[in-house]
Structure formats: structure tokens, C-alpha cells
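Novice:
Number of protein chains: 4
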Amino acid sequence: MKKVGIVGFRGYSGVELIRILERHSGVEVYLMEHRQDAGARPQPLGAKTPKTIVCSVEAAQAASLDCVLLATHPDVSMDLTPGLLAVGVKVVDLSGAYRLRTVENYKRWYKEDHQQQDLLTEAVYGLPEFNRSLTIGARLVSNPGCYPTAANLAIRPLVEAGVVDLAAGIVCDAKSGVSGAGRKPSLKTSFCEVTENFSAYSVLTHRHAPEVLLTSGIEEPSFSFTAQLLPLDRGILETIYFRGKGIENAAALVELYRKRYEGEPFVRIYAAGEFPDLKSVARTNFCDIGVAYDAATGRGVVVSAIDNLVKGAAGQAIQNMNLILGFAETESLL
Amino acid sequence: MKKVGIVGFRGYSGVELIRILERHSGVEVYLMEHRQDAGARPQPLGAKTPKTIVCSVEAAQAASLDCVLLATHPDVSMDLTPGLLAVGVKVVDLSGAYRLRTVENYKRWYKEDHQQQDLLTEAVYGLPEFNRSLTIGARLVSNPGCYPTAANLAIRPLVEAGVVDLAAGIVCDAKSGVSGAGRKPSLKTSFCEVTENFSAYSVLTHRHAPEVLLTSGIEEPSFSFTAQLLPLDRGILETIYFRGKGIENAAALVELYRKRYEGEPFVRIYAAGEFPDLKSVARTNFCDIGVAYDAATGRGVVVSAIDNLVKGAAGQAIQNMNLILGFAETESLL
Amino acid sequence: MKKVGIVGFRGYSGVELIRILERHSGVEVYLMEHRQDAGARPQPLGAKTPKTIVCSVEAAQAASLDCVLLATHPDVSMDLTPGLLAVGVKVVDLSGAYRLRTVENYKRWYKEDHQQQDLLTEAVYGLPEFNRSLTIGARLVSNPGCYPTAANLAIRPLVEAGVVDLAAGIVCDAKSGVSGAGRKPSLKTSFCEVTENFSAYSVLTHRHAPEVLLTSGIEEPSFSFTAQLLPLDRGILETIYFRGKGIENAAALVELYRKRYEGEPFVRIYAAGEFPDLKSVARTNFCDIGVAYDAATGRGVVVSAIDNLVKGAAGQAIQNMNLILGFAETESLL
Amino acid sequence: MKKVGIVGFRGYSGVELIRILERHSGVEVYLMEHRQDAGARPQPLGAKTPKTIVCSVEAAQAASLDCVLLATHPDVSMDLTPGLLAVGVKVVDLSGAYRLRTVENYKRWYKEDHQQQDLLTEAVYGLPEFNRSLTIGARLVSNPGCYPTAANLAIRPLVEAGVVDLAAGIVCDAKSGVSGAGRKPSLKTSFCEVTENFSAYSVLTHRHAPEVLLTSGIEEPSFSFTAQLLPLDRGILETIYFRGKGIENAAALVELYRKRYEGEPFVRIYAAGEFPDLKSVARTNFCDIGVAYDAATGRGVVVSAIDNLVKGAAGQAIQNMNLILGFAETESLL
């Protein structure tokens, strides 16, 4: 039985971590009380009542935690991570603190200083479909952002296969449910502002964009990314446009994806012309991908869907935790 | 006082026609009972109770109607239009029956035969911002589709100004509220299927795409269009991606739009980096446009928003009706 | 042309006041900047751009305002009202500051002290269907709460007619859209907490209950009131249960209501067995009422629906403003 | 390993049966193809792919099914049930076919004839909290309606304890998500009709009312029931009003419920003044109950919440199936 701490367990990702781990056969959960969180409702009401400890390196060590899942803001992650690693506690960080590779790049996109270049270098970017072997031996896994998870799983196979005209550029039009913005009240996520509404934000400037550049290996001029807010709780759907080269037809494109993800437990490829919607993936750790391709003109469209709180956050974090703690990768996730 | 008939007055566009015309100072409304429509609720409960007549050319003539607004399916429009025109009644058709220019193109996109090449040739495509002078003298106005209205108002100024790299292609990622699908019950528009969901449909194959090609003057290989269903009642937001050339910066792009739409009562251009959302245009006849542009890489994004039932249907139809009947273009619409 | 100031014009009721007054033929609007309000979006984008002045008695006097509409919290209303009245500016207060008759009752329900017994005594409770003649001559009108408006219009005719068994009690099960909670961000009104949810609050303890007791003339033990939060923007529907006596059948009950509200422009009574829903009244100043009655057992149900921001707030405030400024009562409201 | 068939597996309750049974350790699922169902999407995409057989008594016998779950309309249930029982297959019927006790009562509420008085007499009403011992030995379990489940669990303890003034009557104001209406498309459940709306239906005439009378032991004149449609997918919340006698205070009322449901795995009683909302019970088999009580006046309010597709349908059906097949009652449900 491994012992796993959760920081930020009252946020939406944190509650999802608890919910999923209730079904995990090999993990004992410790809730780490960080500070006054927003409201009291999402307490676990299930069969297992997790222990609660204070949120500190000392408490983690005293409880002999094997791993801590950080569902927090980057500054909290940066405060806790070095100490936890120093006392031998592994970390899966759901924040953006360790997703970029250099302090300069972090400064550019997050508008704040980063003092831990060593950990930026060490952290494994936890997208198991591409980094599984590195993740298995890692002390520190940086859990990917929600948007980049859906984007990279759709885009990287195209780039790897050399079938996309990068000069024409790749467009990623991304739409997310409101839970992606976290649980802290704000006017932008107030019900009356969101219901019956839809809006774009961070057009061409979203801090998740560099994760796609780094992982899929494309240059900034080739990538246009827009984030948009859907009037719903959870789910991300991304519509990705590209110009293909050397692709015979839509079926060949499907086949390219199927080969790339053969044996992957959490990626499902649809038949040509069929597309996932958000209900296809809600409350699952799947990333579902569907494609359209017009061979005559080279116009290609890929639709990629995930649950932003599962494959886009808590589910993928547990997938990573399973890898670094030696559990079956799918434990509690299927 | 002009006399105006409405066919399809129980559908969502039809109800909107009634709602807007209640504020019109120069029009007397006649509801034309066509067949058993779906349900009884959307009866007008306002101050003015419109007259009801049967839906026929004879009845329109007997009532001395000046104009009929057809908020119907294309087949109904094709049945009624020749007869109405023959007895001197002008027609604004909200269906897709007369939006394309040839029977061949109609057959390709609508999958049905069209017998009225003469009316396809005669019909004026009623996008007043580009076809105002033609519309004024028309007998038959084909009211644009909801998606193409938002798309053409955003795209055509770029093409006209020659600032878009057409080889790289223009992407139009379009999202619509459910009322765009009409009022007939179907599983796809059932509440439980739509709420907390989002889905793409007609990817690269939507019948509204050719309206953009025709009006904005672009070739099919240059245009990628995806329609998507938002879990909300009304509104269309389109995110349009292009590669610019010869554009100094975002402000210059804003200026380009502002010049093009100077004096237009229903197009509003936002400052650079500001974007409309659906609430900006709900229940109005406005098309709101915001832009982002990265001069270093040439990546451009235009966000265009309308209410699909107003500027995308009933509002624009009344704007066209105002033009052909000699009213002020904004009458009942501001 | 009368001059009318609005305080709290960025809140949901304030924006609604602006929206309605844009159609008013006899009023010039002054927005009174009170303090930093939440966000900038709901600025009027219509044809008329209202003047903006600072929010003070002096500014109101300098601008020669005839009337000020207070869409604020009670404390702001209590700050401004005495001064405005002193310089001859009439006030319609949308807050709860002057709805109860005594400082003691205010203290009980609002948990705060009230220093203005004289104005509590003077204020006219602005439910025109019952207090029209008093309102016409008033300096200070206290605009009714949203819940009590729907409740009193449904209950008082029953009590007046003596057809309800008060010993068995009247139950008012009330449901409101989220805009009733105002625009200030809070966890309770955050999108992810409200969507796909429904909850009861202030069970038997809501501060709107005493308005029903006072206006409908019933005693507290006879009245059970529960407020509930609907996952939608606007609208109140109340389901009211009573035990009837001396009512022949449902049709007789309908007749009772129709007689009571004969000539009232904003109350609509449905045929027996037909009931309003929220769409029936959305964005209107109507209160719609439907009834069911089982003569064999005396069980009666009344369904009363309003738009909480219109008849429940801004619309009724303008109805009252029309009365005290001498306009037609329905001006800008039909 | 027991073999369990599902009829109506494409409806909302049927899909929920599949979803829950995927976690059941002792059941092998057989999908019984009945007729062309509405659409193809809700096919199980999980790890276990159920077998599919035709829907007939012969096929059930050939497959050696132990039990069949009928998630169908009453007429289908009445067609299949006698034959299944005759060949020794147990039945849990989720329709209303066997919930009432006599053909006369069925005729009154369902407006159709019923030919199987013997099965009406034999069927056990499967509300385990009250009928557990009868259920264990049953061949035919009639799964309670969604509304009556929430109502009876809240009301019957009050009636049993003799603390409610039945002369004053009990009011049950019930609100349900749209999935309760089933998956067949209709105007009433179309997205645009439901979103931003709320409506009452079957006021005093709902066919679920007699289930409450039968199970809680109250007379029709004492019970007022209204059903209402919430703009959300799943969940039922009922607000129940009564006049108490002999109840000291709210805490005593809580205690009454806690004693009654001691040891019950699926009923949770809240502290006085705390109330469940729909998110408290979504996707669970719990019925959550909260109370308010004003001892001075005897006004009592009980809020009862369930997921209409789980405790109100599929979950309770599996709870009953567990009982009749000898599994732990909570298997796959916690």
C-alpha cells in the first residue's frame, strides 16, 4: 500500500483526484490542508474517508508519503517541491510550474520569475503516450496542461510522420468548460456571465501554447492557438486545421493515428468522418480523436476531445503516479 | 402602411420576425398558416395581434400584401416564390433556396434538384453591407445563411484589401447555438444530448460554405469550414484564422475594418485585442468583430459574432425588407 | 422630458433599467457613478448614450434630476435617499431598505439596524396592482422584492376573497434564476456550482417572506416559504399551494383572478389547467398566473411567473417611476 | 456468475444500467435488442463489451438468463414479463407497469387497460428501505418511480411516527431533470424549449402520485403533488411541506430520520438546517435528506434529493437485482 498526499484537494482537480483514487486498490490517500480553501462542500462523502494532515514537508515525511500530487497554483508548487524531493517524496505537479524548460521561457509566458532551473531541467513532462519510459524513473513529473494534452496527442503524430505543411501553419481552435478556470470565484466564471454565452480569450497569447511547441516540435510561427470558454462544466474539444502532404485520403490518416497509438489504453481513434463530442469522454481518462481529410485540396481537420479534469488534469496525474509508483498504468482509471 | 406576410411563423426565425415587427412603425403583419406546425406556444402575446390568413398566393394577393417573408424550408420557398412574384408580391426568402447561383451548385450542396435557374440568377443575395444598391430594387432577396453572414462580414474586407495569403488558406471555425437547427424535434437537438456537450458536424462539407466562397471571392481549396453546436439557445461566434501580408500591426487591421464599415449601422469593430462574445450581440442585429494580429509571424485571428436568429436570420430579413419597401434600413432594428 | 438618474447601473437590475429606458419617449437618463463596480462589460451600446454624473445628492440637484432609481444595496439606498428627497428628487428604491414598516421588523429580517423610521413609514410599497393611487403621489417608492411580487399577485386575491383556509396554511415554493443574487462574484453563483444543479436556501427564513405577510395580510404561522436556485439566468416561478373553501371549480378560480386583475396591463390569467413557464414572461413586465383546483378535496395550486429583473425589479421600478412622474404606466414596458 | 439481460439499453436508464454493471463483480450482461431504438451513440465503450441477443423469452431462456431488467415502456414490460417469469427468469421492471395494486387504479392513472391483475398482486414494490425482506424472495420486482422514491423516503417516516397533521395536508413540490422524460425526441424536451426555462406539468394529476399514497399510507385529499422540469440533465429534488405535531425541534426531526434509516447504505440524513442539492447525489445511489422545522408554528420542510437515473431508476433496479440474486445489496453501487 502506497501513501499519497493531495494538496489543493478542494479545487476541482483535487476533488477529481479524490474521486478517482477512491477506486484505487493500492493507494492510501492523505489530504494535506494547505490554507483556507474556497468553501466546504466538496468533501469526500464516499466509503473511504481519507486522513487529513497539515501541508508541509515535515508532515509528508512524518506520514511516510511515497508521492504528493500538487493540484495548486505554480507558486505553491514551487514552494513545496524542492523540500518534498529532498526528503525522498516523489511529486506529480498539476500546475504549470515545471512544464517549460527554461526560466526565460517561463518568465515570458507566466510573467513571473522562476528560481529553479535545475528542476525545470529535471522534471519529466508527463504525457505518457510520448514520455512513458522517462516518467517511470522520475522523481518529479510535470503534469501537462489540459489544452496541450488534447493538442499534442492530435498534432505530434502528424509532425512525426512529416505529413503536415508547416509553412501553411497549424491552427488549434480550443474550447474548454468552465472548470478549467478553477474554483476561485470571479466575474468571468459567474453563472450569469457564462450561461448562454461563448467567448474567446488569450487569442495567440495563451500560456499553454509553448507546451505544444515543445512537445510536438513545431515553431511558433507555424502555430495559431485560441482558447475559448464553453457554457458547460467540463470538457475540452479542439478543432485542429492543417494542410496535408503525402496523405492519400482520410482512411490513411486514420490509419496513421491507429498505428501511432496501438496499444495505448487511453487514446481512441474514430473511423474517418466520425468525431468525438464532449459526452464521449466525460468523466473518463480517454482522449478521443476523429479526422476529416480532403485529398483533392489537402485540407485536414482533426477533432480531439478530453475531459479537462481527467485526462487534462487529475486522471493523467494518476496515470503518471501509477507509472512512478509501479502500479498498472490504468489502475483506477478504467 | 405596408402589408407583410410571414410564412413559418411558429419556427424560431418566424417568432423572431413577429417580435421585431411589433416595433415596426410602417408594417402590418399577416401570419400565413402553412400547415400543422410544431406546437402552439410561440403565439404572439404582445400588444399587436397580427391577422392570420391561409398560406397561398391567392390569399397573399387578396390581402394586397406588399412583401412576404419566407421562414421555411427550401422546398416550401420554391413552391411559393414564383407565384408570389408573378402577382407582384416581393419576397425575402430566409431559406437556402436561392442563395447559390446555379442549379448545379445547388444540387452539389443541397443534394436535391432545383428547377428555377431563372430565379437563382435573379435573386439578390441580401447582405446589405455589400449588396445594398442591388437589394433596393429587387423583387426577390435571398437572405444569407447565419454562418455565412458572420463569415463574409469578417473575411471579405481582408480579401478585397488583398492582405491575406490565400495559398495558406483561411480557416473558419464556427460555433452556433441550437436554435440554428430549427424547431423540429430531433435527437441531436434534445436537451440531454446537448447540455454539457459540444460537437462538430459537417466538417469541411457544410452547405453554408459555398456562400462564403461566392461572396468573399475565394476558392474552395483556400477555405476550411467547420460547424459546431454550442449548448445554448442563440448566437454564432466564428474564429477565423489567416496569414496576413502587408499588415503593419493589429491596429492597422482594425483600421482596415473600420474604414470598410464606416457608416454601417449594424457592424461594430472592436479595438485591437478586444473581442465580442455572444452576449455582446444577443437579441440585436449587430455583427461585432474583433481582431488579433502578430506582425512578426503574420498570424491573424478575427472573431465575428452575431445572433443567429437576428443578423443571421430574422433581423437581416427585415433589414432587407426595409430596403425593398423603402423604409429606413434600421427601422425596428435599433 | 424628465431627467432620471440610475445608481448601480452596472448591476443586473441597473443594466435592465438602461435597456428599458432606451425605449422611453419621455426620459433622459443619467448614469450615476457610485464606486468601482464589477467589470466594465455591460455598458450601453445602443443608440442613445446616457450622460454620466457622479453619484451624490449635489450632482443630482445640479443636473435637475426629477427622480433617481436606486439599484443598490440597502446601505447605499439609506445613505442617499434622505438627501435626495430633501432636495426634491423623487426616489424609487429597488433595494430592501424601505420595504418593511418598522425598524424592528427590519432588524429581525435584515440583521442590521435601521435609523429611518420616518421613511419606513412614508415609503409606498410599489406594487401598482394594489397600491396604484398611493404611488402616484409618492416621493419615495419602495420597489417590491422579486419573490414577493410573484407571490403577492398570486396570493392576495385569494385572501381578499376569503376562499383560502388559512389554518391549513399557504405554501409558496419559489424558484429563481441566478441573476437574482446580483453581479458580485461568489462561489454560490459560480458557473460550475450552479450548472446541472438545483438547491434550496433560506428555508423558512428568507427576508422576502415578511413582504408577503404585510401585503397579502396573512400571519406568519400560515405561510411557508422556500427559495431555490435554478440553473438559469433570469426568471422566477412560484408554485403556491393552498386549501380552498367556497370555490366551485378551477374555472371559478380563474374567474376570481380575472375579475381582480381586469384592466391591469401587466397581469395575465391563464385558462384553467394551463400554466405559464419562464419563457412566457422572459424580458417582459408581465406576471402570468395559472391555476389548478380539485373541488372534491379543496386542493389548490397557483403557478405565478415573472422575469425577476423586469416585473421583479427594473420593469416594476419603471412602472412606478411612470406613475410618480406622470407618464402612461405602460410607457417603455409594452 | 449470474447472467442478466437488459431491455431498452439505449434509453437513458438503460445506458445507466450498463454503466453501473460494468463495475459489478458477479454479473454478466446481455443486451437484448428490442427494436430500432433512437440513435446509436450510447454504446458502451468501456472495458467490458456486453453480449447482444435478441429480445425474446426464448432468447432469454436459451442464454440461461437469471434476471432481466426492463428499462422500457409499460406495454413492453407487460408483453415480456409473464413469459420470462414462466420460464424461471426473474424480472426487475423499471416501467410503471406493476407499481399500482389493481387494474382499476392502473386504468385511472395510466389511462390504459391492464390485463394482469395476478402480477399486479404478486409484484413487490422494490423500495428496499421498506420492502427489503419481501424483495429478497421475489420473482417480480416493480422498481419504484423516480419521484415516488424521493417522496416516500422523506414522507413515510413522518407518517409512521405520527408526527404530521394529515388534515392540513402534505405538499410535495417536485423538480426533475430532463432525462426523466426519456430519450425519445419531443418538442417539450428540445434544447431550445428547456434551456433558460422552468415549467410545471401534471399539476395534481401526475401518475406517480398514487405510488406515494400506497407506500406512505396517506389519503389522496392529504397529498398535493406537482412535477416540474428543470433545465438540467439529471437529478430530482423535492421540497416537502407539512404541519408537524409533537416534534420538539429540528434536531428531533433529524433524529427521527436518523433512527429510521440507521444502517441503510443509501440514505443520508443531514444536520438540521443543512440541505442536499443535486450535485450532492449526482451519479450516486444515495437519497439525501435535509430538514427545517419551526417548532413555534409547526411548519416543517423536508428536502429530498436523488439522481433520477440512479436511485430513481437504474441504481435502485440493481439494488433490487442484488437482493433477488443474492449479492451484497451495495455491490457496484458504492
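Taken in order, these protein sequences are the chains called R, L, H and V. This note's numbering numbers the first residue of the first sequence as 821 and each following residue consecutively. This note's numbering numbers the first residue of the second sequence as 821 and each following residue consecutively. This note's numbering numbers the first residue of the third sequence as 821 and each following residue consecutively. This note's numbering numbers the first residue of the fourth sequence as 821 and each following residue consecutively. For every residue, glycine included, the Cβ atom is placed at its ideal position computed from N, Cα and C.
PHE832 (chain R) versus chain H: which residues are under 9 Å apart at the beta carbon?
Specialist: Correcting the residue type first, residue 832 (chain R) is Tyr in the shown sequence and not Phe. Result: CYS1012.
Novice: So ASP1114 (chain V) contacts chain L; which residues on that side make the cut at Cβ distance below 8 Å?
Specialist: Simply none; closest approach about 37 Å.
Novice: List the residues that DSSP assigns as beta-bridge partners of LYS871 (chain L).
Specialist: Paired residue(s): L:TYR850.
Novice: Cα separation between ALA880 (chain R) and PRO977 (chain R)?
Specialist: Approximately 39 Å between the Cα atoms of the pair.
Novice: Please list, in chain order, the chain R residues whose beta carbon lies closer than 7 Å to that of ALA1092 (chain L).
Specialist: By Cβ distance, chain R contributes nothing, its closest Cβ being about 11 Å from ALA1092 (chain L), past 7 Å.
Novice: From the DSSP output, in three-state form, read off GLN1048 (chain L) for me.
Specialist: Correct three-state label for GLN1048 (chain L): strand.
Novice: Measure how close the beta-carbons of THR1059 (chain V) and VAL1023 (chain V) come, nearest whole angstrom, since I'm counting them as under 8 Å.
Specialist: Incorrect: roughly 15 Å between the Cβ atoms, too far for contact.
Novice: Can VAL912 (chain R) and CYS875 (chain R) be called in contact, C-beta distance under 8 Å?
Specialist: Cβ distance not < 8 Å, so VAL912 (chain R) and CYS875 (chain R) don't count as in contact.
Novice: If we count the other Cβ atoms within 10 Å of its Cβ and call it buried at 16 or more, is ARG919 (chain L) buried or exposed?
Specialist: Buried is the call here.
Novice: Output the boundary residues of the beta strand (DSSP E) element that contains PHE1062 (chain V).
Specialist: Its beta strand (DSSP E) spans residues 1056-1063.
Novice: Using CA coordinates, which residue listed in V:THR1025, V:ASP1108, V:LYS1099, V:LEU904 is at the minimum distance from GLY1093 (chain H)?
Specialist: The residue with the shortest Cα to Cα distance from GLY1093 (chain H) is V:THR1025.
Novice: Excluding the 5 residues preceding and the 5 following GLY828 (chain R) in the sequence, name in chain order all residues of the same chain whose CB lies nearer than 6 Å to its CB.
Specialist: Closer than 6 Å at the Cβ level, and outside the excluded window around GLY828 (chain R), lie GLY834, ALA891, THR892.
Novice: Below 8 Å on the Cβ atoms is my contact criterion, and I expect ARG1027 (chain L) with GLY916 (chain L) to pass it. Report the Cβ-Cβ distance as a whole number of Å.
Specialist: Right, their Cβ atoms sit about 7 Å apart.
Novice: Exposed or buried, LYS1004 (chain H), counting other C-beta atoms within 10 Å across all chains shown (16 or more means buried)?
Specialist: Exposed.
Novice: For VAL998 (chain L), return the contacting residues in chain V, with the cut-off set at a CB-CB distance below 9 Å.
Specialist: Neighbours of VAL998 (chain L) on chain V, chain order: SER1010, PHE1011, CYS1012, THR1015.
Novice: Helix, strand or coil: which one does DSSP assign to PHE950 (chain V)?
Specialist: Three-state DSSP puts PHE950 (chain V) in a helix.
Novice: Kindly indicate if chain R contains any beta-carbon less than 8 Å away from that of ASP1053 (chain H).
Specialist: Yes, ASP1053 (chain H) counts as interfacial toward chain R.
Novice: So what's VAL961 (chain R) in DSSP terms, helix, strand or just coil?
Specialist: In this structure, VAL961 (chain R) counts as strand in the three-state DSSP scheme.
Novice: Which residues mark the beginning and the end of the beta strand (DSSP E) in which ARG839 (chain V) is found?
Specialist: Taken as a continuous stretch (DSSP letters only), ARG839 (chain V) belongs to no beta strand (DSSP E), being part of the alpha helix (DSSP H) at 832-841.
Novice: When you compare the CB of SER1006 (chain H) with every CB in chain R, is at least one pair closer than 8 Å?
Specialist: Yes, its Cβ sits closer than 8 Å to a Cβ of chain R.
Novice: Per DSSP, what are the beta-bridge partners of SER996 (chain V) in this structure?
Specialist: Answer by DSSP bridge pairing, in chain order: V:LEU1049, V:ILE1056.
Novice: I'd like the list of long-range same chain contacts for ALA974 (chain V), defined as Cβ closer than 7 Å, with 5 residues on each side in sequence excluded.
Specialist: Cβ within range, chain order: GLU1058, ILE1060, ILE1109, VAL1122, SER1124.
Novice: Pairs of beta-carbons, one from the stretch 837-844 of chain H and one from the stretch 1134-1141 of chain H, closer than 8 Å: are there three or more?
Specialist: Output reads yes: the stretch 1134-1141 of chain H touches the stretch 837-844 of chain H.
Novice: When burial is assigned at 16 or more other CB atoms within 10 Å of the CB, is MET1141 (chain H) buried or exposed?
Specialist: Classification of MET1141 (chain H): buried, given that the 10 Å Cβ count is 16 or more.
Novice: Quick one: list the residues of chain L neighbouring PHE1095 (chain R), beta-carbon separation under 9 Å, in chain order.
Specialist: What PHE1095 (chain R) touches in chain L: SER1019, ALA1020, TYR1021, VAL1023.
Novice: With respect to the alpha helix (DSSP H) encompassing LYS1099 (chain V), which residues constitute its N-terminal and C-terminal limits?
Specialist: Looking at the DSSP string, the run of the alpha helix (DSSP H) that includes LYS1099 (chain V) is 1098-1101.
Novice: Label PRO862 (chain H) either buried or exposed according to how many other C-beta atoms from any shown protein chain fall within 10 Å of its C-beta, with 16 as the threshold for buried.
Specialist: For PRO862 (chain H), the pLDDT reaches just 44, beneath the cut-off of 50, and the residue's location in the model is therefore unreliable, although a value from the coordinates is still provided. Buried: at least 16 other Cβ atoms inside 10 Å.
Novice: Tell me the residue span of the beta strand (DSSP E) that contains GLY825 (chain R).
Specialist: Per DSSP, GLY825 (chain R) belongs to the beta strand (DSSP E) from 822-827.
Novice: Exposed or buried, which one is THR1009 (chain R) when buried takes at least 16 other CB atoms within 10 Å?
Specialist: Label assigned to THR1009 (chain R): buried.
Novice: Which chain R residues are close to LYS995 (chain L), counting only those with a beta carbon under 7 Å from its beta carbon?
Specialist: Result: PHE1018.
Novice: Going by DSSP, name the residue or residues bridged to VAL1087 (chain V).
Specialist: In DSSP, VAL1087 (chain V) forms a bridge with V:CYS1107.
Novice: Assign ARG1119 (chain R) to one of three DSSP states: helix, strand, or coil.
Specialist: Strand.
Novice: Please tell me whether GLY1120 (chain L) and PHE1043 (chain L) are closer than 8 Å, where the distance is taken between their beta carbons.
Specialist: Against a cut-off of 8 Å, the Cβ pair of PHE1043 (chain L) and GLY1120 (chain L) comes out as no contact.
Novice: Looking at chain R, which residues of the stretch 1064-1086 of chain L have a Cβ within less than 8 Å of any of its Cβ atoms?
Specialist: Under the 8 Å Cβ criterion, the stretch 1064-1086 of chain L contributes no residue.
Novice: In angstroms with no decimal places, state the Cα-to-Cα distance between ARG928 (chain L) and THR969 (chain L).
Specialist: Roughly 21 Å separates the two Cα atoms.
Novice: Please report the distance separating the alpha-carbon of PRO902 (chain V) from that of VAL877 (chain L).
Specialist: Rounded to the nearest angstrom, the two C-alpha atoms are 59 Å apart.
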